[in-house]
Amino acid sequence: MAVSTFNQRELARGFSPVQHVLGQSPDTANRHLLAATQSEEPILNDAVAEFKREAESRAVAEKALVDWQAQQRVNRAMNSRSRAQCVYRPGDLVFFWRTQESGRHKRQPGTRQGRFLGPARILAMETRQNEDGTARPGHAVWLVRGRHLLKCSPEQLRPASQREELIDSLSQTDSTPWTFTKLTAEIGGNQYEDISDETPPEEEWNRAQDVTQELQPSRVRIRGKRQLVRTDTGGDTIMDEPSEPSQPSRIRRTFDHRGPRPWEAAAVHWSTVVQESAWATQEVGYWTDDQAAVEVAVDLPDSQRGWDHFCKNPQAYLVSMLKRRAVEVSEKRLSAEDRQKFAEAKQKEVRNFISANAFEALPKELQPSKDQAIGMRWLLTWKVQEDGSVKPKARAILLGYQDPQYEYRSTTAPVMTRQTRQLFLQAAANLKWRIQKGDISGAFLQGRDYPDELFCSPCDEILEAMKLPKGSITRLKRACYGLVDAPLEWYKTVAEFMESIGLVRLWSDACAWVWKPQGELRGMVTGHVDDFMFGGADSDAGWQEIIRRIKERFRWGDWDQDSFTQCGVQIESVPEGFTLSQPRYLDGLAEIPLNSVRRKQRSSPTTDREKSQLRALLGGLSWFAQQTSPHVAAEVSLRLSEVCESTVDTIVQTNQLLDYARQRQGHKLLIHRCRNEDMQFFAWVDAQGIFIGAASKDLLQGAVCQVSPITWHSTKIDRTCRSPGAAESQAAVNGEDSLFYVRYQWAEMFAKEVDLRNPSNMAAQVGGSLITDSRNVYDKLHTAVLTIQGAEKKSNLELLSVKESQLNTGLQVRWVHSEAQLANALTKRGAKELELYYKMNFTWRIVEDPDMQSARRRRQNGLTPFEQTLGAAQREPTGFAAYRSRQSLEAIGEGQKVAAQPETLDGTSMRHGAAMTSPNMIADVVCIA
């Protein structure tokens, strides 16, 4: 039983002895033959007892085998010992272990599984640094054998024996070199310069130790091949003429040295040796050297959270700290003059804290432990002013992450939207208001009393002003900078005050307040944290009283009017209305650097660093496109969608996009002045591009009218579309949704009463038109009843919301060809509709074509993009909402009046100056585009 168990359980090369001999293991009955080929088993007298006895014996045998195997492993471990570590030095003769010889396969029959090869010389040993700073041998040893340079580990080496060293030394031809000169000559294939003869004299050595006594040479990058440097017999350096063939950049080693050696001359006084040109004749300009460098030091974290961030991803921590230091100023690295400027800025901030009573002093016995108090630190920055100059700014901020109730604080605070800004400027232009902008100084310190109990350890300068010892604990009374709920507390302060002086907050934007005595809009205030814009008439005494009370309630820094910068956008008042621009924004964006080699690899994928640079640059361009430049919105959106699968070509195109935007850096958006009763909103939609503008109702009659940009979007389509018609249906639905919001907000600004329970009635008070270039969408919305049929049932269901808006809000739907579609430039590369819109001084036309010809067919027929076909002016407005809406009926009457008036060759009506741009001018602009 013991032998059988051993033969079945002991493994040799992965198989038991039974498997090696018989090719298989026995079955449960210890049989090796199939049951069909065996005779029946003899009947045992007591089968149960014998089977039990056999199983117990087998278990004892298996246990004995396991114990023996364990004992063998323990004995081998006890008898084994590590190999003695040999200390190697450069020049030692060693043999190295290889499991594969040159020219022979590792598993080739007849070869052993490895042997020592050699001899070879140790050329160098890599070292590593201990914790105490001392050097220790590393795990890499460089060997030279013949013309080969090998990298080995110390465990692969063994020292050569005395006999092997003697044999190597006696072999003159095959002797292994052991000097570096011999090693270099033996390896060959390289060039090097031997400067071992240039030993400096003692006086030169001593003088050169002080680098301040000698002007250090500047290192410059050499483009192309270097010229050959030769030395004549007199020791002067001679440069070969440029016409000579180029030579290697380094001189080949010369082993023979003939002639007198420099150090063999008699010693002379240093003044006769050192040339006058060696001494600096002017002050050394450190930053004039292209190779000048400075130390960049990043402090280690001082909190557990910072250490967790550092240990999780040191690279990300370093990048975040460098970004922080790119904005934040280190006080200890400032000059004496700058340090004094920041000291004055600190005192100004301290006075703000003291005047605001931000902290309440506590008696010593009521002060909690420092573990319950949050810290405070200084944030020093250089603030760029509008004229480009900088001034020091110091801000004391609380370490909000130390707040014990951090995770339970409300952190969401509203800010003014771009749409609200545009509607505010449109209202100010229509009503001829004077707009003003104010910047509150130390806004958060002027907020209401902090509702919760929170303790803080202020900065030393604040404690000194409060006449408290350093390290004192105080109670927080204001939501200071650094707290996660400080912006929300500040917003609540502003909202409560605005409502207390009679202003009404808009439901459509929580950061906009209107003043409507007796239901008439006479003033408006919008805010973005601590930057506020005010609009009202100078002759309105009631509005001027509100402005006076606002100025008295808060301490203001800058207060400008007619021309100012709000959230990075320059707003100017002009006779036509207002202009918006960002003249210096793109100066802060830099191109992604690419060397000449990388630039040629257009199809190569980008690295992680290049992807980060792409996101940063495109993110900056995205803000530029969202605020004042819709003409680059499509390109930016398309590039952002390519970042994950980007190539070098994406970087090149992004750099070109930045250059294109810089060429139009002086571009300005124009908000036109219009009469409120004649104005309505128009939404041009194409795929996921949406452009909403405010214009006169004459635009519906085919006139060329001024269009003020209100909002625009260029994003990815929400879901995969089965056809272009499905994409256009989504565009119509999303465009109507955005248009509804604009109409509602404008109605809320001017309406006497606001009905939140029926927003459709509010939106119906303001005219709206949806303009599409899809005949499929137009035909579906043109019918009296939209039926769900065809393959695109989901798109038809979505269009029901647009049909509902036609019924409930009087929405009008118009069709234009693609070249008259403003939103076309928000979905396609290279589209010129917005450029044409700018060249026409922000004017546009809804081109009416009864035949609904495409842009290509119109070009074939010789029609310009803005040319009306004959009879277009007499055509009645179409659509189910046209005959259900009173406005549409009036428009039909107006259309009949237009028919009686003379028209130009392209059908443009010349009535009451509605056409702000002549047809000839339009044709000229189209030709230019």
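If you count by UniProt numbering, then the sequence shown holds residues 1 to 929, one letter each, in order. Heads up, the beta-carbon is just placed ideally off N, CA and C, and yes, glycines get one too.
Backbone secondary structure at residue 433 - three-state DSSP:
coil
Three-way DSSP call (helix, strand, coil) for residue 654 in this model
Here residue 654 sits in helix by DSSP.
Determine which residues share a DSSP beta bridge with residue 708 and list them.
694
Could you give the residue range of the beta strand (DSSP E) that holds residue 137?
135-145
Using the C-alpha atoms, what's the distance from residue 526 back to residue 590?
33 Å
Can you find at least 3 beta carbon pairs, one from the stretch 676-684 and one from the stretch 761-780, that sit closer than 8 Å?
yes
Assuming residue 10 and residue 4 are in contact, meaning their beta carbons sit under 8 Å apart, how far apart are those beta carbons, in whole angstroms?
Going by Cβ atoms, the distance from residue 10 to residue 4 rounds to 11 Å, so no, they are not a contact pair.
Counterpart residues of residue 149 in DSSP-defined beta bridges
144
Go to residue 804, then tell me how far its alpha helix (DSSP H) extends in each direction, as first and last residue.
793-809
Does the distance from the CB of residue 706 to the CB of residue 841 come in under 9 Å?
yes
Buried/exposed call for residue 155, threshold 16 Cβ in 10 Å:
Burial state of residue 155 is exposed, judged by a 10 Å Cβ sphere holding fewer than 16 other Cβ atoms.
Are residue 578 and residue 512 touching if we call contact CB-CB under 9 Å?
no
Rank 536, 455, 412 by C-alpha distance to the C-alpha of residue 489 and give the top, closest one.
412
Give the C-beta separation of residue 780 and residue 799 to the nearest angstrom, bearing in mind that I take them to be a contact with Cβ-Cβ under 8 Å.
6 Å
Report the three-state DSSP secondary structure of residue 562 (helix, strand or coil).
coil
What residues match up with residue 977 in a beta bridge as DSSP calls it?
Coverage of the chain is limited to positions 1 through 929, which leaves residue 977 absent and any answer about it impossible.
For residue 777, decide whether its Cβ has a neighbour in chain D, counting only Cβ atoms nearer than 9 Å.
Of the chains in the structure shown, none is chain D; there is only one protein chain.
Could you have a look at residue 866 and say whether DSSP puts it in helix, strand or coil?
coil
On the three-pair Cβ rule with 8 Å, is the stretch 825-835 touching the stretch 628-639?
With a cut-off of 8 Å, the stretch 628-639 and the stretch 825-835 count as touching, because enough Cβ pairs lie within range.
Can you name, in chain order, every residue of its own chain whose Cβ lies under 7 Å from the Cβ of residue 567, other than the five neighbours on each side?
528, 531
Could you give the uninterrupted runs of the beta strand (DSSP E) lying entirely in the stretch 531-599, keeping only those of 3 residues or more?
531-536, 556-561, 563-566, 569-574, 577-581
Could you name the residues of the same chain whose beta carbon sits closer than 7 Å to that of residue 360, not counting the 5 residues immediately before and after it, in chain order?
474, 475, 477
Opposing strand residues paired with residue 116 [DSSP bridges]:
97
Tell me, to the nearest whole angstrom, how far the beta carbon of residue 536 is from that of residue 523; I am working on the premise that it is less than 8 Å.
4 Å
How is residue 630 classed by DSSP in three states: helix, strand or coil?
Of the three classes helix, strand and coil, the one that applies to residue 630 here is helix, per DSSP.
For the alpha helix (DSSP H) holding residue 671, just list the boundary residues, first then last.
Segment 669-672 is the beta strand (DSSP E) holding residue 671; no alpha helix (DSSP H) there.
Please name the residue, chosen from 96, 416, 699, that lies closest to residue 816 on a Cα-to-Cα basis.
699
With a cut-off of 8 Å, do at least 3 Cβ pairs link the stretch 350-357 to the stretch 437-451?
The stretch 350-357 vs the stretch 437-451: in contact.
The stretch 497-508 touching the stretch 731-747, judged by at least three CB pairs closer than 8 Å:
Touching, per the Cβ criterion.
To which residues of the same chain is residue 606 closer than 6 Å at the C-beta, ignoring the five residues directly before and after it?
646
Determine, using beta-carbon pairs with one atom in the stretch 801-821 and one in the stretch 831-848, whether at least three such pairs fall under 8 Å.
yes
With a Cβ-Cβ cutoff of 9 Å, do residue 481 and residue 398 count as a contact?
In this structure, the beta-carbon distance from residue 481 to residue 398 falls below 9 Å.
So if DSSP puts residue 769 in a beta bridge, which residue, or which two residues, is it bridged to?
682, 812
For residue 879, is the classification buried or exposed, using 16 other Cβ atoms within 10 angstroms of its Cβ as the cut-off for buried?
Residue placement at residue 879 is poorly supported in this model, since its pLDDT is 40, which falls under 50; the coordinates are not used for a value here.
Just grab the DSSP bridge partners of residue 512 for me.
526
C-beta contact flag for residue 329 and residue 392 at 9 Å:
Going by beta carbons, residue 329 and residue 392 fall inside the 9 Å limit.
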